[in-house]
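199 is the number of the first residue of the sequence shown in the working numbering; add one for each residue after it. Ideal Cβ positions, reconstructed from N, Cα and C, are used throughout, including at glycine. Worksheet: one structure, shown below.
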Amino acid sequence: LLADWIDTLEAVKRKIAQSCFQWRLEQSEQQQQLRDEWAQADETASLFLVLVLSSSFHPMSDENPTKYRKCSVSLAIG
């Protein structure tokens with residue numbers, strides 16, 4: 199009877215350990231996915247900023263290409 203009880207406890211302990219491992223694995227996969235999504239969003243935002251800056255800063259006149267219009271840039275990430 200005691201041996202059966204110990205076997206049951208061991209089986210429960212293995213099941214808990216397996217469940218914890220599975221949960222940690224899922225959490226690390228979700229964290230990696232979030233990191234990938236954040237890196238993608240950061241890359242997109244950087245590209246957008248470069249496009250805005252390159253299209254916004256252009257010479258005031260052809261005669262004096264060193265003078266640039268003032269430009270305000272707003273970037274919304276949502």
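C-alpha gap between residue i and residue j, whole angstroms
i: residue 210; j: residue 227; result: 26 Å
i: residue 240; j: residue 206; result: 51 Å
i: residue 220; j: residue 213; result: 10 Å
i: residue 215; j: residue 201; result: 21 Å
i: residue 233; j: residue 243; result: 15 Å
i: residue 231; j: residue 217; result: 21 Å
Local conformation of residue i per DSSP, three classes
i: residue 207; result: helix
i: residue 268; result: Caution is warranted here: a pLDDT of 48 is assigned to residue 268, below 50, making its placement in the model unreliable, and the coordinate value is therefore given only provisionally. Reduced to three states, the DSSP call for residue 268 is coil.
i: residue 232; result: helix
i: residue 199; result: coil
Beta-carbon proximity list for residue i, same chain, < 7 Å, skipping 5 on both sides
i: residue 237; result: none
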